[in-house]
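Q:
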Amino acid sequence: AVTLVEDGFEYGGASYPSLTSIAHKITGAHWSGPRFFGLPKAAQSRSKGGADG
1 AVTLVEDGFE YGGASYPSLT SIAHKITGAH WSGPRFFGLP KAAQSRSKGG
51 ADG
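Residue numbers (full-length UniProt numbering): 1 to 53.
(1) Would you give the residue range spanned by the alpha helix (DSSP H) that alanine 23 belongs to?
(2) Is the distance from the Cβ of glycine 38 to the Cβ of serine 18 below 7 Å?
(3) When the Cα of phenylalanine 36 is compared with those of Ala23, Ala42 and Gly28, which residue comes out closest?
(4) What is the DSSP secondary structure of glycine 8, counted as helix, strand or coil?
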């Protein structure tokens, strides 16, 4: 399991700065961490500074 901690993430007893670095550790290949873990994409208006951002 991946755990969110103050300075990044923990997986398998080790600390990682990003989900991408964990995905690389697991697969040995470059992956988008959020995509590898199946996280939904951010809402387009949110990522482009919509009305609330």
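Even glycine gets a Cβ: it sits at the ideal position worked out from N, Cα and C.
A: Straight from the coordinates:
(1) 19 to 27
(2) no
(3) Ala23
(4) DSSP, read as helix, strand or coil, puts glycine 8 in strand.
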